[in-house]
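K.L.:
Could you have a look at this structure, given as structure tokens, before my questions?
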Amino acid sequence: MVSQFKPTWMVKNIYDLTPAQLRANGIKVILTDLDNTLIAWNNPDGTPELRHWLTLLELAGIRVIVVSNNNRKRVDRAVAPFNLDYIHRALKPLSWGILRALRRWHLNRDEVVMVGDQLLTDVWAAHHSGVRSVLVKPILKSDAWVTKGNRLMEKVVMWRLRHNYPELTWQEDLDERKAH
Numbered sequence: 038m039v040s041q042f043k044p045t046w047m048v049k050n051i052y053d054l055t056p057a058q059l060r061a062n063g064i065k066v067i068l069t070d071l072d073n074t075l076i077a078w079n080n081p082d083g084t085p086e087l088r089h090w091l092t093l094l095e096l097a098g099i100r101v102i103v104v105s106n107n108n109r110k111r112v113d114r115a116v117a118p119f120n121l122d123y124i125h126r127a128l129k130p131l132s133w134g135i136l137r138a139l140r141r142w143h144l145n146r147d148e149v150v151m152v153g154d155q156l157l158t159d160v161w162a163a164h165h166s167g168v169r170s171v172l173v174k175p176i177l178k179s180d181a182w183v184t185k186g187n188r189l190m191e192k193v194v195m196w197r198l199r200h201n202y203p204e205l206t207w208q209e210d211l212d213e214r215k216a217h
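Numbering (the numbering used here), first residue to last: 38 to 217.
The structure is reproduced here in structure tokens:
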């Protein structure tokens, strides 16, 4: 059961995912969680670092699509300055939002990766959608109230994952030799 929560990679920060690494792993599309993954949950405007990273990906032809459990108004407000496509009310940990993105934009599962900061929602949904996943550390140590319960359960799941998969460690990049 714990294998359902095992990410393909664990990378400290979403901005550490470079176009070269993504292409080397056949990734042409990033599906990403919004809060505490792409932007801080309490800063819907993003950062200059985010803008730079999105520009690098765009220049490399790598598409970024937000898959968020937030409502349309919240997601639209957050992604509008970046001109990103999105799926709102994704219902993660269910696979519904990811599968909807795959269908809507005619994406090949082998060319997609789901990036998120939560094992119990983002990684689980990716696993059940048949796409690879990247777990990143949350941008902020604090969370919106709806996430705090997940974080407690996540500690137990992570302990179990590390017990079963001792090679599971935080990486600096997507080096295939370190992939799990």
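Where is the CB? At the ideal position from N, CA and C, for every residue including glycine. Because the structure is a prediction, the values reported are computed rather than measured.
Given a threshold of 16 other Cβ atoms within 10 Å of its Cβ, counted over all protein chains shown, does ASP13 qualify as buried or as exposed?
P.N.:
No answer is possible for residue 13: it lies beyond the span of the chain, which begins at 38 and ends at 217.
K.L.:
Measure from the alpha carbon of ILE102 to the alpha carbon of each residue in ASP70, ASN80, VAL193, ARG60, then state which is nearest.
P.N.:
Checked all of ASP70, ASN80, VAL193, ARG60; the closest Cα to ILE102 is ASP70.
K.L.:
What does the alpha-carbon distance come out to for the pair TRP133 and ALA115?
P.N.:
Approximately 21 Å between the Cα atoms of the pair.
K.L.:
On the CB-based measure, 16 or more other CB atoms within 10 Å of its CB, does SER40 come out buried or exposed?
P.N.:
With fewer than 16 Cβ atoms within 10 Å of its Cβ, SER40 is classed as exposed.
K.L.:
What does DSSP give as the partner residues of MET190 in its beta bridges?
P.N.:
None, per the DSSP bridge assignment.
K.L.:
Alpha carbon to alpha carbon, how far is LEU93 from LEU198?
P.N.:
Rounded to the nearest angstrom, the two C-alpha atoms are 33 Å apart.
K.L.:
Can you tell me whether DSSP reads GLY254 as helix, strand or coil?
P.N.:
For residue 254 there is no data in the structure shown, the boundaries of the chain being 38 and 217.
K.L.:
For the stretch 60-80 against the stretch 194-208, do three or more pairs of beta-carbon atoms, one drawn from each stretch, fall closer than 8 Å, so that the two count as touching?
P.N.:
Verdict: no, contact absent.
K.L.:
Once the 5 residues before and after ASP147 are set aside, which same chain residues still bring their CB inside 8 Å of it?
P.N.:
Same-chain partners within the cutoff: GLY63.
K.L.:
Can you round the beta-carbon distance between VAL104 and MET151 to whole angstroms, since I take them to be within the 8 Å contact cut?
P.N.:
Confirmed, about 7 Å.
K.L.:
Rounding to the nearest angstrom, what Cα-Cα distance links VAL160 and LYS192 in this structure?
P.N.:
Roughly 14 Å separates the two Cα atoms.
K.L.:
Would you call the stretch 157-174 and the stretch 50-61 touching, i.e. three or more CB-CB distances under 8 Å?
P.N.:
Yes, the stretch 157-174 is in contact with the stretch 50-61.
K.L.:
Entirely within the stretch 45-71 and at least 4 residues each: give me those alpha helix (DSSP H) ranges in chain order.
P.N.:
DSSP runs (the alpha helix (DSSP H)) wholly in the stretch 45-71: 56-61.
K.L.:
What did DSSP end up calling ASN120 once you bin it into helix, strand or coil?
P.N.:
DSSP places ASN120 in coil when its eight states are reduced to three.
K.L.:
According to DSSP, is GLN155 part of a helix, a strand, or is it coil?
P.N.:
Reduced to three states, the DSSP call for GLN155 is coil.
K.L.:
Residues in the same chain with beta-carbon distance under 6 Å from LEU75, minus the five sequence neighbours each way, listed in chain order, please.
P.N.:
The answer, listed in chain order, is THR69.
K.L.:
What three-state label does DSSP hand SER219 in the structure shown?
P.N.:
The chain is shown only over 38 to 217; residue 219 falls outside these bounds and no answer can be derived.
K.L.:
Have a look at GLY98, ALA163, LEU121 and flag the residue whose alpha-carbon is nearest the alpha-carbon of ILE135.
P.N.:
Out of GLY98, ALA163, LEU121, ALA163 has the C-alpha closest to the C-alpha of ILE135.
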